[in-house]
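If you count by my numbering, then the sequence shown holds residues 21 to 412, one letter each, in order. Just so it is clear, CB atoms sit at the ideal spot from N, CA and C, and this is done for glycine as well. The structure appears right after this line, and notes come after that.
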Amino acid sequence: MVALILAGVAKRFPDGTTAVHTLDLAVDDGELMVLVGPSGCGKSTVLRMVAGLEAPTEGTVTIGGRPANDLSPGDRDVAMVFQDYALYPHMSVHANIAFALKAKGLPRRDIDVRVRQVAGSLGIEHLLGRRPRALSGGERQRVAMGRAIVRRPAAFLMDEPLSNLDAKLRVELRTEIRRLHAELATTFLYVTHDQVEAMTLGDRVAVLRHGRLQQLASPQQLYAAPASVFVAAFMGSPAMNLLRAPLASVGGRVVARAGPWDIPLEPGKAKDHDEVLVGIRPEHLEHFPHPSAGEAGELAQVTAEVVEPLGSVTLVHFHVDAAPVSVLDERPRVDSTPLESGPFSVGAAPAPMVASVDGRTRLSAGATDGRLSLRLDPASVHLFHPVTGLAL
Ligand SMILES: Nc1ncnc2c1ncn2[C@@H]1O[C@H](COP(=O)(O)OP(=O)(O)OP(=O)(O)O)[C@@H](O)[C@H]1O
Ligand SMILES: [Mg+2]
């Protein structure tokens with residue numbers, strides 16, 4: 021068990037691509053930290069620098085208190101599990117798992133005991149005699165994990181280990197990885213582009229964009245208090261609705277007009293601006309069958325255009341008269357400051373929105389039958405700076 025510390029780590033490739041900007045990240049001893057972000061944001065590069073497969077251009081990597089920049093991958097006592105498994109095709113499962121122990125020169129009997137023990141804990145004992153090509157994707161992935169576990173490394177580095185699997189297996193193996201982490205009580209740094217995987221697996225989740233750390237927090241914190249419009253839009257499914265909301269004065273109070281909803285602002289919340297960006301999670305819009313009982317400003321009539329019953333919840337798609345905010349995934353044109361949320365764009369009204377309501381609600385779509393009232397609790401609304409996109 022060791023802590024992994026990256027201090028001021030940057031990576032520039034010879035062609036001029038900066039994959040990682042000055043990154044400070046500390047994975048605690050025994051923690052399962054997830055690195056998440058869109059394709060190309062630098063996740064694999066970070067992991068490869070910890071593994072020693074890539075040298076940082078700047079900064080230091082420390083593994084278990086030892087400076088690791090000059091250590092070869094084999095001397096770092098970390099094991100890496102890749103998306104494509106990287107199994108030896110001509111060897112049996114047993115030989116694949118045993119490989120690193122053989123290389124260390126352990127006695128045959130000890131190797132066999134350890135291979136069987138690891139295979140047992142992964143539920144693949146019956147496959148030890150097979151070649152990788154005779155295995156399913158999920159079984160291959162278990163073998164790849166077995167090969168890492170058997171070495172008893174001080175830390176595991178996992179790069180999208182589940183992304184080649186179908187949805188059901190992914191969920192199954194996700195649970196398995198959590199169980200393994202608890203059982204091995206070892207430090208894990210786990211990379212994925214899947215925000216659901218990140219939220220369910222991570223003790224803490226580090227969100228990366230364009231090679232910069234956007235936020236490092238527990239899944240609950242990321243969800244409840246996203247630091248920027250980017251994190252807000254990236255984490256959560258269906259995604260948070262983001263609208264531009266001009267400020268207005270209603271009955272002596274300052275409100276943000278988010279489409280049909282008026283959101284009262286605390287004094288001082290939006291000093292120096294005439295608008296804010298408002299984020300509304302789909303599940304915070306509540307279907308309200310008796311509109312007369314609602315408070316003015318919190319209730320709005322909308323027209324459902326598409327209704328998707330998912331079982332426990334029903335998704336309602338509609339438009340409101342507001343400018344939608346979308347988080348672009350282009351590289352920033354200029355080098356932004358580390359804390360800046362990066363580019364986002366404000367489109368033209370109307371804005372598409374999604375509400376997630378109780379699955380037992382009977383709803384229809386269309387101009388005549390699709391009218392419904394949605395209540396928005398102002399306390400659940402997220403506010404962001406109209407220029408920087410950072411949380412207010
Ligand atoms: N050897 C290289 N030379 C130049 N640029 C590279 C090299 N390796 C990676 N990059 C670039 O660095 C950036 C980060 O790449 P990286 O593989 O770390 O992204 P990632 O977050 O793992 O993406 P994905 O989710 O697609 O795996 C990308 O823009 C990529 O094109
Ligand atoms: Mg990658």
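Query, Result
"Whether residue 236 touches residue 262 by CB criterion (8 Å)", "no"
"Residue 104 CB to nearest heavy atom of ligand 2 below 7 Å", "no"
"Environment of residue 358 [buried if 16+ CB atoms lie within 10 Å]", "Here residue 358 scores only 39 on pLDDT, less than 50, and its place in the model should not be relied on; the value that follows carries that caveat. It counts as exposed."
"Nearest-angstrom beta carbon gap, residue 346 and residue 365 [assumed within contact, 8 Å]", "6 Å"
"Within 8 Å, strictly: CB atoms of residue 309 and residue 337", "no"
"Sheet register partners of residue 210 (DSSP bridge)", "54, 178"
"The segment 385-405 in contact with the segment 219-232 per 3-pair CB rule at 8 Å", "no"
"Cβ contact check for the segment 152-163 and the segment 102-115: 3 or more pairs under 8 Å", "yes"
"Within 7 Å of ligand 2: residues by beta-carbon to any heavy atom", "63, 64, 179, 180, 211"
"Per-residue burial, residue 413 [other beta carbons within 10 Å of its own, 16 or more giving buried]", "As displayed, the chain neither begins before 21 nor continues past 412, which places residue 413 out of reach and without an answer."
"Cβ pair residue 318, residue 281 closer than 8 Å", "yes"
"Inter-residue spacing [alpha-carbon to alpha-carbon] between residue 202 and residue 391", "49 Å"
"Beta-carbon proximity check, residue 247 vs residue 410, cutoff 8 Å", "yes"
"Heavy atom of ligand 1 within 7 Å of residue 39 beta-carbon", "yes"
"Residue 60: CB within 7 Å of a non-hydrogen atom of ligand 1", "yes"
"Inside the segment 199-255 only - beta strand (DSSP E) runs reaching at least 3 residues", "207-212, 224-229, 232-237"
"As assigned by DSSP and simplified to three states, the class of residue 353", "Since pLDDT at residue 353 reaches only 43, below the 50 mark, its modelled position is unreliable, and no value is offered."
"Simplified DSSP assignment, three categories, for residue 120", "helix"
"Contact under 8 Å by Cβ, residue 228 with residue 63", "yes"
"Cβ-heavy atom distance, residue 214 to ligand 1, below 7 Å", "no"
"Backbone CA spacing between residue 301 and residue 91 [nearest angstrom]", "46 Å"
"4-residue-minimum alpha helix (DSSP H) runs that sit fully inside the segment 83-144, ordered along the chain", "113-124, 128-142"
"As assigned by DSSP and simplified to three states, the class of residue 359", "Any reading at residue 359 must be qualified, since the residue scores a pLDDT of 39, below 50, and its modelled position is unreliable; the value itself is stated next. Three-state result, residue 359: coil."
"Distance between residue 100 and residue 55 (C-alpha atoms, nearest Å)", "14 Å"
"Distance cut-off 7 Å: residue 57 Cβ against heavy atoms of ligand 1", "yes"
"The segment 166-181 contacting the segment 115-130, beta-carbon criterion three pairs below 8 Å", "yes"
"Status (buried if at least 16 other CB within 10 Å, exposed otherwise) for residue 89", "exposed"
"Nearest-angstrom Cβ-Cβ length linking residue 396 and residue 304, presumed shorter than 8 Å", "7 Å"
"Distance between residue 66 and residue 185 (C-alpha atoms, nearest Å)", "23 Å"
"Residues near residue 32 by beta carbon distance below 8 Å, same chain, minus five either side", "38, 39, 77"
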